[in-house]
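K.L.:
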Amino acid sequence: DIQMTQSPSTLSASVGDRVTITCRASQSISNWLAWYQQKPGRAPNLLIYKASTLDSGVPSRFSGSASGTEFTLTISSLQPDDFATYYCQQYNYYPITFGQGTRLEIK
Amino acid sequence: QVQLVESGGGVVQPGRSLRLSCAASGFSFSSYGMHWVRQAPGKGLEWVAVIWYDGSNTYYTDSVKGRFTISRDNSKNTLYLQMNSLRLEDTALYYCARDKGGLSTRPGWLDPWGQGTLVTVSS
Numbered sequence: 003d004i005q006m007t008q009s010p011s012t013l014s015a016s017v018g019d020r021v022t023i024t025c026r027a028s029q030s031i032s033n034w035l036a037w038y039q040q041k042p043g044r045a046p047n048l049l050i051y052k053a054s055t056l057d058s059g060v061p062s063r064f065s066g067s068a069s070g071t072e073f074t075l076t077i078s079s080l081q082p083d084d085f086a087t088y089y090c091q092q093y094n095y096y097p098i099t100f101g102q103g104t105r106l107e108i109k
Numbered sequence: 065q066v067q068l069v070e071s072g073g074g075v076v077q078p079g080r081s082l083r084l085s086c087a088a089s090g091f092s093f094s095s096y097g098m099h100w101v102r103q104a105p106g107k108g109l110e111w112v113a114v115i116w117y118d119g120s121n122t123y124y125t126d127s128v129k130g131r132f133t134i135s136r137d138n139s140k141n142t143l144y145l146q147m148n149s150l151r152l153e154d155t156a157l158y159y160c161a162r163d164k165g166g167l168s169t170r171p172g173w174l175d176p177w178g179q180g181t182l183v184t185v186s187s
């Protein structure tokens with residue numbers, strides 16, 4: 003199975019900060035990676051697919067990039083609505099696997 | 065709008081069975097693969113199973129193989145998860161989600177997700 007190692011597990015930041023979350027795959031997954039945002043008591047919501055393609059309606063302050071087996075989600079200027087948990091997901095192979103999540107909290 | 069609504073969760077004793085349903089609306093259900101993903105209380109996301117758009121193929125995570133069965137009824141726009149021999153570790157919120165961009169050779173990303181149905185396995 004592909005292991006997805008996400009870091010950090012918790013990130014404290016302030017409104018207006020630029021933050022980066024990293025996800026590393028245990029082997030090549032090409033660019034078949036998605037990012038999701040999950041708020042407490044809610045279902046995950048797609049942000050980015052194919053490593054860097056923003057889903058419709060997602061604010062442009064979100065971006066994704068890839069370099070080999072390392073993937074990053076960047077939020078350029080944190081807004082109050084962005085404090086949530088973020089997950090990466092590889093979809094190059096079955097079983098689909100997720101990173102363990104990054105909880106983004108207010109500093 | 066595209067909507068997925070899960071139902072069928074509840075409290076069940078270890079070793080018993082439960083069937084979850086996911087009612088789809090707002091899109092051509094028979095054209096998409098569908099997944100189940102679960103989330104144990106306070107934990108991360110764990111993919112459970114997938115079924116092809118026409119029901120011709122299924123995959124499962126190892127921990128549920130032989131116990132869970134994913135199926136669909138395209139005439140009813142409904143996805144199912146039959147869960148047998150339930151264990152304490154199956155306690156979780158179960159989400160259904162639509163596959164986007166998947167091919168016969170690999171899965172896709174998941175969008176949208178339903179709101180989830182809670183399964184609690186407890187004696």
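Chains as they are written, first to last, in the numbering used here: chain A, 3 to 109; chain B, 65 to 187. Every residue gets a Cβ at the ideal spot worked out from N, C-alpha and C, and that includes glycine.
Tell me, please, whether the stretch 79 to 98 of chain A touches the stretch 37 to 52 of chain A by the rule of three or more beta-carbon pairs shorter than 8 Å.
P.N.:
Yes: at least three Cβ pairs fall under 8 Å.
K.L.:
Mind checking B:Val66: buried by the 16 CB within 10 Å criterion, or exposed?
P.N.:
Within the second sequence, numbered from 1, the residue matching residue 66 of chain B stands at position 2. Answer is exposed; the Cβ neighbour count stays below 16.
K.L.:
Exposed or buried, what is B:Ala161 when buried is set at 16 or more other beta-carbons lying within 10 Å of its beta-carbon?
P.N.:
To locate residue 161 of chain B, count along the second sequence from 1; it is residue 97. Burial call: buried.
K.L.:
Please report the distance separating the alpha-carbon of A:Leu80 from that of B:Leu109.
P.N.:
To locate residue 80 of chain A, count along the first sequence from 1; it is residue 78. To locate residue 109 of chain B, count along the second sequence from 1; it is residue 45. Using only the alpha carbons, I get a separation of about 24 Å.
K.L.:
For a quick check, are the C-beta atoms of B:Thr155 and B:Val114 less than 8 Å apart?
P.N.:
Taking the second sequence and counting its residues from 1, one reaches residue 155 of chain B at position 91. Taking the second sequence and counting its residues from 1, one reaches residue 114 of chain B at position 50. The answer is no: Cβ separation not under 8 Å.
K.L.:
Is there a Cβ from chain B that is less than 8 Å from the Cβ of A:Pro46?
P.N.:
Translated into the one-based positions of the first sequence, residue 46 of chain A becomes position 44. Answer yes: the Cβ-Cβ gap between A:Pro46 and chain B drops below 8 Å somewhere.
K.L.:
Expressed to the nearest angstrom, what Euclidean distance is found between the alpha-carbon atoms of A:Gly74 and A:Ser58?
P.N.:
Translated into positions along the first sequence, residue 74 of chain A becomes position 72. Translated into positions along the first sequence, residue 58 of chain A becomes position 56. One point to set straight first is that residue 74 of chain A is Thr, not Gly, in the sequence displayed. For A:Thr74 and A:Ser58, the distance between alpha carbons rounds to 19 Å.
K.L.:
In the DSSP assignment, what residue or residues form a beta bridge with B:Lys164?
P.N.:
The sequence position of residue 164 of chain B within the second sequence is 100, counting from 1. Paired residue(s): B:Trp173.
K.L.:
So which residues of chain B does A:Asp57 contact, with C-beta pairs closer than 9 Å?
P.N.:
Taking the first sequence and counting its residues from 1, one reaches residue 57 of chain A at position 55. Result: Trp173 and Asp175.
K.L.:
Suppose you measure from the CA of B:Tyr144 to the CA of B:Gly119; what does that come to, to the nearest Å?
P.N.:
Here residue 144 of chain B refers to the residue found at position 80 when the second sequence is read from its first residue. Here residue 119 of chain B refers to the residue found at position 55 when the second sequence is read from its first residue. Roughly 11 Å separates the two Cα atoms.
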